[in-house]
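In my numbering, the protein residues as written are 27 to 141.
Quick reminder that beta carbons are idealized off the backbone N, C-alpha and C, glycines included.
Quick notes on the structure that follows.
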């Protein structure tokens, strides 16, 4: 579950600081994720004429993001719930999970082939 975003936090002491670092990395990755989504929508808007059902495409993408956001929150909640809730370890695992899901979706938005 470790990635470059979380590795920089794992050598920090005490554990509470690790959790804070991971949470900060999660928020940075969330901003990157939302920026990638915005760029994705802008790309579609620039090529609006290429979409036969443009409104349906935009509506579907918007709903997919809403569902994805809910899915990853629940998935990471379930994963982190193996630990004591509200502990630094819980928050750290939750943040690492969210970072991984954000990264996957950023890659999707950046590599989507409109052809």
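Residue i lies in the alpha helix (DSSP H); which residues open and close that run?
i, result
"residue 93", "80-106"
Determine the burial state of residue i: buried for a count of at least 16 other Cβ atoms within 10 Å of its Cβ, exposed for fewer.
i, result
"residue 117", "buried"
"residue 72", "exposed"
"residue 53", "exposed"
"residue 107", "exposed"
"residue 122", "buried"
"residue 55", "buried"
Nearest-angstrom Cα distance between residue i and residue j?
i, j, result
"residue 82", "residue 89", "10 Å"
"residue 78", "residue 86", "14 Å"
"residue 120", "residue 74", "38 Å"
"residue 130", "residue 69", "19 Å"
From the DSSP output, in three-state form, read off residue i for me.
i, result
"residue 138", "coil"
"residue 73", "coil"
"residue 113", "coil"
"residue 47", "helix"
"residue 123", "helix"
Taking only beta-carbon atoms, is residue i less than 8 Å away from chain B?
i, result
"residue 119", "Judged by its chain identifiers, the structure shown contains no chain B, having just a single protein chain."
Check the C-beta distance from residue i over to residue j and give it rounded, since I have them as a contact under 8 Å.
i, j, result
"residue 136", "residue 62", "6 Å"
"residue 50", "residue 125", "Residue 50 to residue 125, Cβ: 11 Å. No contact."
"residue 98", "residue 127", "4 Å"
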